[in-house]
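Accompanying notes for the structure given below.
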């Protein structure tokens with residue numbers, strides 16, 4: 004186990020050093036915008052103002068595969084990791100409209116979408132083996148811009164170790180809460196973001212498509228800017244791309260407010276009906292940027308695939324309601340389709356006697372000591388769930404807070420949170436008991452179990468799922 008930890012840590016350091024040494028080797032490469040727009044079906048009169056920029060790989064000189072050594076397009080395998088933006092929220096046909104499916108078109112089965120709604124990179128970073136198993140991929144796209152601190156480096160490194168020859172691309176998709184007006188202040192004396200402004204002015208979630216809002220925005224101080232608080236995320240995103248020799252692609256954004264080529268114009272085209280998630284045109288825009296990279300550099304016919312440095316045991320039933328037979332639970336829990344959603348959880352049954360019924364049983368089938376985590380649902384800013392205590396037979400107790408650590412800029416959210424419940428010795432079975440400590444509007448809900456290798460990392464946000472040192 005110690006050898007695995009050293010391997011991951013050493014590899015991460017080597018990749019980081021390489022990235023820092025060569026980060027300025029190549030400049031951005033501009034692509035003709037008119038051809039991009041034709042392919043993306045952005046048909047407005049002034050869409051020639053959309054400029055596509057591709058970052059060349061950060062880690063080393065770009066390696067172009069000779070045509071004779073390239074894999075046929077029909078054989079290229081694509082995979083995407085990301086949040087609801089990647090999953091395809093608001094799209095009518097996720098199986099064809101998400102950017103990873105558009106990349107694989109017409110061979111849709113070659114595009115695998117591992118986007119998870121309301122999720123950051125921590126889960127796939129720790130559960131990569133459980134997610135992809137022995138599947139091989141040539142092109143890897145990651146969309147975790149807003150959650151970069153939560154394990155993006157660790158996920159990228161694990162993917163690069165597994166697929167040394169894969170093309171890796173990081174997607175930056177902007178959203179209204181990232182745009183603020185320096186001339187307008189909220190009650191916290193901070194610049195008002197675009198989502199706050201539309202709410203204050205009583206516009207619905209489709210505001211970015213509303214002509215009345217387009218006219219109203221012209222009356223505000225012309226000081227709308229990309230929020231500087233995201234500068235750190237921007238810097239980290241580039242460091243991650245540096246470390247794994249990846250590319251960064253972005254949906255277009257500038258400081259121009261209205262008119263042709265302004266961000267209102269971009270938002271009207273590239274944001275969906277909720278003015279938050281990518282529209283079908285945005286998915287096409289992203290797919291075409293990635294496709295240009297793949298067409299230019301190529302994919303080798305026989306790419307290397309290295310063994311996993313570590314294997315995990317992760318179980319997530321949020322999206323499909325399927326719980327692995329290795330997990331059992333008492334009558335105090337019931338697998339439930341949550342109201343008005345397509346999501347599932349193990350829901351605490353408040354009408355069942357607590358004593359002896361409030362447990363979940365898990366098994367560590369590995370030969371190594373592993374960390375154990377539970378994923379449960381939280382809300383913010385309002386509290387819908389109870390404070391819960393988790394306990395083990397050895398007397399250890401853990402607090403499960405009803406609100407997430409990340410407040411998402413004050414936006415109303417309903418998201419999973421991960422809590423570390425100690426470690427499990429090799430080949431052992433464990434019962435964990437859950438006790439709500441207060442009454443609540445909604446019952447306590449569990450969505451995942453993670454039994455993962457112990458990984459050394461200096462990233463405190465990764466430690467929130469990565470575990471603590473052995474006692």
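Residue numbers (the working numbering): 4 to 474. Heads up, the beta-carbon is just placed ideally off N, CA and C, and yes, glycines get one too.
DSSP three-state assignment for residue i, whether helix, strand or coil
| i | result |
| --- | --- |
| residue 308 | coil |
| residue 300 | helix |
| residue 349 | strand |
| residue 316 | strand |
| residue 398 | coil |
| residue 290 | helix |
| residue 357 | coil |
| residue 328 | coil |
| residue 255 | coil |
| residue 448 | strand |
| residue 132 | helix |
| residue 137 | coil |
| residue 157 | helix |
| residue 321 | coil |
| residue 439 | strand |
| residue 283 | helix |
| residue 295 | helix |
| residue 33 | Because residue 33 sits at a pLDDT of 29, beneath the cut-off of 50, its placement in the model cannot be relied upon, and the point is left open. |
| residue 163 | helix |
Identified DSSP bridge partners for residue i
| i | result |
| --- | --- |
| residue 421 | 378 |
| residue 416 | 383 |
| residue 434 | 364 |
| residue 373 | 427, 456 |
| residue 340 | 347 |
| residue 145 | 84, 173 |
| residue 250 | 172 |
| residue 392 | 402, 438 |
| residue 274 | 281 |
Buried or exposed by the 16-neighbour rule on C-beta atoms within 10 Å, applied to residue i
| i | result |
| --- | --- |
| residue 188 | exposed |
| residue 396 | exposed |
| residue 199 | buried |
| residue 338 | exposed |
| residue 204 | exposed |
| residue 141 | buried |
| residue 345 | exposed |
| residue 313 | buried |
| residue 440 | exposed |
| residue 112 | exposed |
| residue 105 | buried |
| residue 325 | exposed |
| residue 492 | No answer is possible for residue 492: the residues shown for the chain start at 4 and end at 474. |
| residue 374 | buried |
| residue 80 | buried |
| residue 211 | buried |
| residue 315 | buried |
| residue 161 | buried |
| residue 123 | buried |
| residue 283 | buried |
| residue 226 | exposed |
| residue 457 | buried |
| residue 343 | exposed |
| residue 100 | buried |
| residue 215 | exposed |
| residue 286 | buried |
| residue 133 | buried |
| residue 245 | buried |
| residue 232 | exposed |
| residue 402 | exposed |
Assumed close pair residue i, residue j - CB separation to whole angstroms, cut-off 8 Å
| i | j | result |
| --- | --- | --- |
| residue 400 | residue 408 | The pair is not a contact, with the Cβ atoms about 20 Å apart (cut-off 8 Å). |
| residue 443 | residue 388 | 5 Å |
| residue 301 | residue 68 | 3 Å |
| residue 335 | residue 321 | That belief does not hold up - the Cβ atoms of residue 335 and residue 321 are roughly 20 Å apart, past 8 Å. |
| residue 382 | residue 406 | 7 Å |
| residue 89 | residue 137 | Not a contact, Cβ separation roughly 22 Å. |
| residue 363 | residue 435 | 5 Å |
| residue 398 | residue 360 | Not confirmed; about 20 Å, so no contact. |
| residue 240 | residue 175 | 7 Å |
| residue 452 | residue 365 | 6 Å |
| residue 350 | residue 379 | Their Cβ separation, rounded to whole angstroms, is 11 Å, which puts residue 350 and residue 379 out of contact at 8 Å. |
| residue 228 | residue 190 | Wrong, their Cβ atoms sit about 20 Å apart, outside the cutoff. |
| residue 279 | residue 179 | 7 Å |
Proximity test, Cβ basis, 8 Å: residue i and chain C
| i | result |
| --- | --- |
| residue 193 | In the structure shown, chain C does not exist; there is a single protein chain. |
Notebook entry, point to check: Whole alpha helix (DSSP H) runs in the segment 172 to 245 with 4 or more residues, listed along the chain?
Noted result: Every alpha helix (DSSP H) stretch that sits fully inside the segment 172 to 245 and reaches 4 residues is listed by chain position as 197 to 203, 214 to 220.
Next item on the list: Run through the segment 61 to 130 for me and flag every whole beta strand (DSSP E) of 3 or more residues, listed as ranges in chain order.
Entry: Counting only runs of 3 or more, we get 81 to 85, 114 to 118.
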